[in-house]
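A.B. asks: Residue numbers (our numbering), protein chains in the order written: chain A, 735 to 1056; chain B, 514 to 1043; chain C, 198 to 525.
The beta carbon of each residue, even a glycine, is placed where N, CA and C say it ideally should be.
Here is the structure:
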C-alpha cells in the first residue's frame, strides 16, 4: 500500500519525486484503467465536458443572446419547442414568457450556475485546505479553535448558512447594490458553507503525513514550514481534495439553484438555472412545460455528471477498495 | 407499561376511523365550500387591518351600515336608510331585530361604539372616518353622524366600517384594536361576534378558517352550511389542489393557468375588470436621478421624456403575452366603475417607437440615459413580468433600464422612503370615487396627504381642486372638478398608465358564486347547482 | 455505569456553554439581517395610512432604536419566556409554533424513517454484493435522486400523483387525530396519504447518504481482521455478515442519522413550501416575506436550539463511550 516513504529520502530525491508524482501516479495507477473500463463514467465525463463547454462558449454557440434587451420581442413569448416566430426566427426548445430563447437561456444560465459552483468550490477549497494544513501543522489552540468552528458550522445545513450569509451581505450592501454583486455574494456564501469538509479531510491526511519520517527529517533539516506544507504534504492530500471538490461542485450548484428558487439568489434579469426553473415553475400547470422542464433537466444532468464522477473518483482513489 | 396496550388499541381504532374518513371525503361534502387564496386574513379584528384578504374574511362575519351588492351598488346593510340633514350631518335609520352571533341585539349604541373604535389610534381604518366629529344616539334605532367638514363620500367610506357588539367588546377587553407594541394577543384576533351571514367557528391563522352559516341572519339565508378557507402560497400547488378536487374555489388563479382550467370539464373560470389600475410612476420632482446621479439632471422632469417613455410601451403586447388578454389598456390611472371615470379620458397615446425616439432626441437625450426601475414581485398580477417587458421596450429607444424587482415589503419601503426614480404601482379605489386616487397620488405630498405621490408632482391648481372636491356636496359641480383634475394630470403625463387589472376566479363547475369587481367573494350568495 | 468523572462534567459544561454562545451569535446575526429585509410597518398598516401613522407605529415598536438595543431587549424578553406576538397575525408566536411543531417533527421523523427503512438494506446489499446489477442501480439511482432539486421533484410528484392520477392529496396535512396538544397524522390512513409525498421528497438526500455510509462501513468492517478470523473459525457467512459486521458498522451510522435529523428539519423549509405542509419551515418563509421579525427570530432560535441539543446528545454519547472521559 505505502511503498514510497518507508525510508528517509534526501532533499534532491524528494524534489525529483515530487515533479513526477502527480501525473505519473494518475497515468500509472489503476485509475485510468478503471475509467476506461466503466462506460457510465466515460459517458458522465463526456456529458460533463460537453455541458461545461457549451456553457462557457455560450456567447459563440448560443443561437441568440437572451440578455440583449434590444433584440427581445415580447410577441415571440411562450412559443412551444420547434416553433418559428413572426420574424421567421426558429426556437428549438421554445421561448419563455419574455420571448427569450430557452436553449440560449439555458446555455447562459448554466454558465452562471457553473461559475457560481466552480468559484464557490475553488474558494472553499483554498480556504479549507489552508486552514486544514495550518490546523494540522501548528496544532495546539489554533487547531482546536479551527476545528471547533468547523464543528459548529457543520451542524448547520449549508442552505441555512448560505441564507444567513446572503442576508448579511444584503444588510451591508443595501438592496440596490446587491443586484450587481449578487453573484459574488452567492459565491462567498456557498463557499463559506462548504470549506469545512476540505479543512477536515486535509487536516486528517496532513496529520498522518507529518508524523512520517521524511517530513520530520525535512523539519530537522530546517526546510521552512510553508515549503514543507506545499511541497510535501499537499501532494499527499490531493486525492481526498479531488473527491470532495467534485462532489462539492454538485452540492454548490444545487444550493445555488435552491437559493435562487427561494428568490434570494441570482436576479431574474440574468438568470441561472435555478432562477429559470423558479420562473418556469409558474407555467408548469398551464401546459407550458418547456419553460421549466428543459432547464430542470439540464440542471439534473449537470449535477448528476459531477456526482457520478465524484463517486467514481472516491472509489478509484481509495487504496483500500482496490 | 400497562397503558401501552390501550394506546395500541386506540391506534388501531383511529386507523380504522381514518380509513373511513378517507372514503368519506372523496364523496364531497355536499354543503361545504372549500376555498383557497395565496394569503390568509391577517386578523379577525375588523378594524385592525385595511387589507383585502382581511376585509374579505371579515365581511363574511361582520356587517356594515351600508354595503355593496355584487355589482358594487350601495344597498342597505345594518342601516335601512340614510340621508344628509345638512352639509355636515347625516341621519341613519337602523334595521330592527338584528342580533349578533352570540344572541345579543344590535342597536345604536353599537354603531357609536364601532365608529369610535374605527377612529382609535391603533385602527387601520381611521383615514376612512377622520371627517366624523361625533356620533349622536337619537334612539335605539336612529343615529346622527356629524362631520367636521362636508363629506359627500361618507356613505362610501362607511361600507368599510364593520359593526361590533359593544358589550362583547367590553367583556373581552377589545374596545380598541390592539396596540402595535403589546406583547399579548387580544381576544378579537381569533374570535368574532358579528351580525353577518356566517359566524366564525374555527380560526388557526395561516392554516385554516372555518365559518358556519348564521341561522338568524337578517338577510336572505345563506345556502352553504360551512365555508373552509386554507391559504396556499405556492400557485402551482393551489391549482393542483383545485384540479384534484381538494378545493371548490380558488380566488386568485394565475392567469397563465386559466386556459387550462377552463378546458377542464369540472372547473369554471369567470373574469371581471377589477377596480385597480397598474401604472408606472416617474419622479418629476427630484433634482437628479438617484439611480444615475452622474447625469447631473433629472430627465423625468421634462414632459417630452415622459411622453417618449409612454409611447415606447407596446401595451398590446403586454396585454396579449403577459396578461393573456386579461387586462384593459388604460389612459388614466383609475378604472371603469369609479366615479369620475369616463371613456373619453381613458384613451392612450399611440405606441410609436419612432416618435418616442424623436421626442427623446428633442429633449436632449439622443443617446438615452440609464435609470433603475423598482418593481414589486408579489403584489400585482404578473408584476415582475410586466416590468421586464417595460425594460426591454425602453431599451429599444436607448433608455437603459436596470430592473430592481423585490418582494412587496422591501419594494414599498423603497417607494415609501422616496428612494425611487421610476417604479411600478397599482392603485385600487376602495370608495369607488376619484377623490381616493387624488388624495393619495396627486395631491402635493405632506405627512397627512399625498402619501403615495412619489412622482413628487405638485400643482397648486390641482391641490385647490382636490380640497374643494373633498367638501363639495353638489355632485354635478363636484364631478366637473374631478374631470378637470384628470385632464390636467393626463396632459402633464404625471403617471404612465398601463392597464386596468382583470380578476379571474376558478371554481368547481357545480358551484355558483357571482364574481365581484372588488375581488371580495360574497359567500352568502353561493349555491351548489342541483 | 460506574462513577462519572469530573472531567466529564467539565467537558459537558464546556459544550453547553459553547452551545449557548453559538445560539447567541446565530440569533444576533439573524436579528441584524431582518432589519434590512424590509420595513414591517408598510405591511402592518394599509395603503390608506398617512406618513404620520406609519411613524407612530415605528415608534411604538421601537424600530427607531439602534439594532443592538432592540436585540438586547429581544433577548431579555425571551429569557423571561416572552417570544412576543407576530407582527403579521398579531397572535402569540410561541402558540403558533406549538401548533406547527408536530407537523414539522412528524414530517422529519417519517422522512428519517423512510431513509433508514430503505437505506440500511440497500447499503448492506451494496456492500455484500458489490458487483451485482442491482447494487450498481441502487448506487446510480441514489445519485440521480440527490441530483434533482427538491422543489422540482416535489412539483413533479404532485403533477403525477395528484393531478394526473388523482391518487394522493396534493397539499396540506389531513386525517389528524388529536392526542392532547399534539395533532398527529400518523395513525390514520388518510394522514399517511398526506404525508407520504412530502416525506419521500424530503428523504431522498438522507437515503443516499445512509446507503453510502452503511455500504462503506460494512466494507471496512468486512475487511477487518476479526471478521476474517470469524470466518476462518468456521462461522457461517450469515452470522458473520449480519451479526458482527452490521452491528459494528451501525454505531457511526446511527450517530450520523441523529445529527442529520437537524438537517432534515432545516431542509423541510423547501418541501413544506411546495406541499403547503403546515410546519415551521412554511411559517418561516412566510415570515421572511412579511418581515415578521418576532416569528423569524423564534424560528432561528428553535433551529439553533435543536442543533445544539442534538449535538449535546451526541457528545454525551461519545463521552459515555470514551474511557478517557469516563474515568478520571
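Which ranges would you report for the beta strand (DSSP E) in the region 888-936 of chain B if only whole runs of at least 3 residues count?
C.D. replies: Correct list: 913-919.
A.B. asks: Measuring only between beta-carbons, confirm whether residue 749 of chain B sits less than 8 Å from chain A.
C.D. replies: Within the second chain, numbered from 1, the residue matching residue 749 of chain B stands at position 236. Yes, contact with chain A.
A.B. asks: Please identify the residue among B:682, B:617, B:608 whose C-alpha is closest to the C-alpha of residue 593 of chain B.
C.D. replies: Counting from one through the second chain, the residue named residue 593 of chain B turns up at place 80. Cα-wise, what sits closest to residue 593 of chain B is B:608.
A.B. asks: Buried or exposed for residue 375 of chain C, please, with buried defined as at least 16 other CB atoms from any protein chain shown within 10 angstroms of its CB.
C.D. replies: Within the third chain, numbered from 1, the residue matching residue 375 of chain C stands at position 178. That one is exposed.
A.B. asks: Which class does residue 541 of chain B belong to by DSSP, given the choice of helix, strand or coil?
C.D. replies: Your numbering for residue 541 of chain B matches position 28 in the second chain. The pLDDT assigned to residue 541 of chain B is 46, lower than 50, so where the model puts this residue is not dependable, and the model offers no usable value.
A.B. asks: Under 8 Å between C-beta atoms, does residue 860 of chain A make it to chain C?
C.D. replies: Within the first chain, residue 860 of chain A is the residue found at index 126, counting from 1. No - not a single Cβ of chain C is within 8 Å of the one on residue 860 of chain A.
A.B. asks: Measure the Cβ-Cβ separation of residue 1032 of chain A and residue 346 of chain C and say whether it is below 8 Å.
C.D. replies: Counting from one through the first chain, the residue named residue 1032 of chain A turns up at place 298. Counting from one through the third chain, the residue named residue 346 of chain C turns up at place 149. It is not a contact, given that the beta carbons lie outside the stated cut-off.
A.B. asks: Are the beta-carbon atoms of residue 741 of chain B and residue 723 of chain B separated by less than 8 Å?
C.D. replies: The residue given as residue 741 of chain B occupies position 228 in the second chain. The residue given as residue 723 of chain B occupies position 210 in the second chain. A contact, by the Cβ cut-off of 8 Å.
A.B. asks: Tell me, to the nearest whole angstrom, how far the beta carbon of residue 825 of chain B is from that of residue 884 of chain B; I am working on the premise that it is less than 8 Å.
C.D. replies: Sequence index remark: in the second chain, residue 825 of chain B carries index 312 (1-based). Sequence index remark: in the second chain, residue 884 of chain B carries index 371 (1-based). In fact, because the Cβ distance is near 13 Å, the residues do not count as touching under 8 Å.
A.B. asks: Assign residue 878 of chain A to buried or exposed, taking buried as 16 or more other Cβ atoms, counted over all protein chains shown, within 10 Å of its Cβ.
C.D. replies: Numbered from 1 along the first chain, position 144 holds the residue referred to as residue 878 of chain A. The residue in question, residue 878 of chain A, is exposed, as its Cβ has fewer than 16 Cβ neighbours within 10 Å.
A.B. asks: For residue 970 of chain A, I'd like the list of residues in its chain whose CB is within less than 7 Å of its CB, leaving aside the five on either flank, ordered along the chain.
C.D. replies: Taking the first chain and counting its residues from 1, the one referred to as residue 970 of chain A is at position 236. Within the same chain, residue 970 of chain A has close Cβ partners 939, 943.
A.B. asks: Residues in the same chain with beta-carbon distance under 6 Å from residue 828 of chain A, minus the five sequence neighbours each way, listed in chain order, please.
C.D. replies: Position 94 of the first chain, counted from the start, is the residue given in the question as residue 828 of chain A. Closer than 6 Å at Cβ, skipping near neighbours: 813, 814, 815, 836, 1024.
A.B. asks: Where do the N-terminal and C-terminal ends of the alpha helix (DSSP H) with residue 816 of chain B fall, by residue?
C.D. replies: As a first step, residue 816 of chain B is located in the second chain; it is residue number 303 there, counting from the start. Run containing residue 816 of chain B: 816-824, per the alpha helix (DSSP H) assignment.
A.B. asks: Please classify residue 1008 of chain A as buried or exposed, where buried requires at least 16 other C-beta atoms within 10 Å of its C-beta.
C.D. replies: In the first chain, the residue the question calls residue 1008 of chain A occupies position 274. It is buried - the Cβ of residue 1008 of chain A has at least 16 other Cβ atoms within 10 Å.
A.B. asks: If you measure beta-carbon to beta-carbon, which residues of the region 281-315 of chain C are closer than 9 Å to chain A?
C.D. replies: Going along the region 281-315 of chain C in chain order, one finds no residue with a Cβ nearer than 9 Å to chain A.
A.B. asks: Decide if residue 950 of chain A is buried, meaning its Cβ has at least 16 other Cβ atoms within 10 Å, or exposed.
C.D. replies: Against the first chain, residue 950 of chain A aligns to sequence position 216. It is exposed - the Cβ of residue 950 of chain A has fewer than 16 other Cβ atoms within 10 Å.
A.B. asks: Per the DSSP calculation, residue 742 of chain B is bridged to which residue(s)?
C.D. replies: Counted from its first residue, the second chain places residue 742 of chain B at position 229. Looking at the DSSP assignment, residue 742 of chain B forms a beta bridge with B:548, B:722.
A.B. asks: In this structure, how does DSSP classify residue 649 of chain B when only helix, strand and coil are distinguished?
C.D. replies: As a first step, residue 649 of chain B is located in the second chain; it is residue number 136 there, counting from the start. Strand, per DSSP.
A.B. asks: Comparing the C-beta of residue 345 of chain C with each C-beta of chain A, is any distance below 8 Å?
C.D. replies: Your numbering for residue 345 of chain C matches position 148 in the third chain. So, interface residue.
A.B. asks: Counting only beta-carbon atoms, is residue 633 of chain B nearer than 8 Å to chain C?
C.D. replies: Position 120 of the second chain, counting from 1, holds the residue named residue 633 of chain B. Answer no: the Cβ-Cβ gap between residue 633 of chain B and chain C never drops below 8 Å.
A.B. asks: Please go through the same chain and pick out, in chain order, the residues whose beta-carbon is closer than 7 Å to the beta-carbon of residue 916 of chain B, but skip the five residues on each side of it.
C.D. replies: Here residue 916 of chain B corresponds to residue number 403 of the second chain, with the count starting at 1. Once the five neighbours on either side are set aside, the close Cβ partners of residue 916 of chain B are 886, 888, 900, 901, 904.
A.B. asks: Run down chain C in chain order and give the residues with a C-beta less than 8 Å from the C-beta of residue 1041 of chain A.
C.D. replies: Working through the first chain from its first residue, we reach residue 1041 of chain A at position 307. Result: 340, 343, 344.
A.B. asks: So residue 811 of chain A contacts chain B; which residues on that side make the cut at Cβ distance below 7 Å?
C.D. replies: Stepping through the first chain from its first residue, residue 811 of chain A is reached at position 77. Correct list: 834.
A.B. asks: Based on the DSSP output, what are the partners of residue 659 of chain B in its beta bridges?
C.D. replies: Sequence index remark: in the second chain, residue 659 of chain B carries index 146 (1-based). B:602, B:647, per the DSSP bridge assignment.
A.B. asks: Express the C-alpha separation of residue 377 of chain C and residue 534 of chain B in angstroms, rounding to a whole number.
C.D. replies: Here residue 534 of chain B is taken as the residue at index 21 of the second chain, counted from 1. Here residue 377 of chain C is taken as the residue at index 180 of the third chain, counted from 1. Residue placement at residue 534 of chain B cannot be trusted, given a pLDDT of 44 that sits under 50; what the coordinates show is reported in the next sentence. The straight-line gap from Cα to Cα measures roughly 20 Å.
A.B. asks: Can a CB atom of chain A be found closer than 8 Å to the CB of residue 773 of chain B?
C.D. replies: As a working mapping, residue 773 of chain B is identified with position 260 in the second chain. With 8 Å as the cut-off, residue 773 of chain B counts as an interface residue toward chain A.
A.B. asks: Classify residue 614 of chain B as helix, strand or coil using the three-state DSSP reduction.
C.D. replies: Position 101 of the second chain, counted from the first residue, corresponds to residue 614 of chain B. DSSP places residue 614 of chain B in coil when its eight states are reduced to three.
A.B. asks: With DSSP run on the structure shown, which of helix, strand or coil describes residue 703 of chain B?
C.D. replies: On the second chain, position 190 is the one that residue 703 of chain B refers to. Three-state result, residue 703 of chain B: coil.
A.B. asks: Candidates B:751, B:759, B:711: which alpha carbon is nearest residue 739 of chain B's?
C.D. replies: Taking the second chain and counting its residues from 1, one reaches residue 739 of chain B at position 226. When only C-alpha atoms are compared, the closest one is B:711.
A.B. asks: If you follow the beta strand (DSSP E) that residue 820 of chain A is in, where does it begin and where does it stop?
C.D. replies: Walking along the first chain from the start, residue 820 of chain A turns up at place 86. Where residue 820 of chain A is concerned, there is no enclosing beta strand (DSSP E), given that its DSSP letter is neither H nor E.
A.B. asks: Excluding the 5 residues preceding and the 5 following residue 526 of chain B in the sequence, name in chain order all residues of the same chain whose CB lies nearer than 6 Å to its CB.
C.D. replies: In the second chain, residue 526 of chain B corresponds to position 13, counting from 1. A caution first: residue 526 of chain B carries a pLDDT of 43, below 50, which makes its placement in the model unreliable, though a value can still be read off. For residue 526 of chain B, where only same-chain residues beyond five positions count, there are no Cβ hits under 6 Å.
A.B. asks: Which residue from A:859, A:921, A:1016, A:1004 puts its Cα closest to that of residue 769 of chain B?
C.D. replies: Position 256 of the second chain, counted from the start, is the residue given in the question as residue 769 of chain B. Closest by alpha carbon: A:1016.
A.B. asks: Considering residue 682 of chain B, what are the terminal residues of the alpha helix (DSSP H) in which it resides?
C.D. replies: Translated into positions along the second chain, residue 682 of chain B becomes position 169. 679-684 is the span of the alpha helix (DSSP H), which, as asked, contains residue 682 of chain B.
A.B. asks: Using beta carbons (cut-off 8 Å, strictly below), is residue 355 of chain C in contact with chain B?
C.D. replies: Working through the third chain from its first residue, we reach residue 355 of chain C at position 158. Yes, contact with chain B.
A.B. asks: Please tell me whether residue 765 of chain B and residue 247 of chain C are closer than 8 Å, where the distance is taken between their beta carbons.
C.D. replies: Looking up residue 765 of chain B in the second chain gives position 252. Looking up residue 247 of chain C in the third chain gives position 50. It is not a contact, given that the beta carbons lie outside the stated cut-off.
A.B. asks: Measure from the C-beta of residue 820 of chain A to each C-beta in chain B and report whether the shortest distance is under 8 Å.
C.D. replies: Along the first chain, read from residue 1 onward, the residue named residue 820 of chain A stands at position 86. Taking Cβ atoms only, chain B never reaches closer than 8 Å to residue 820 of chain A, which makes this a no.
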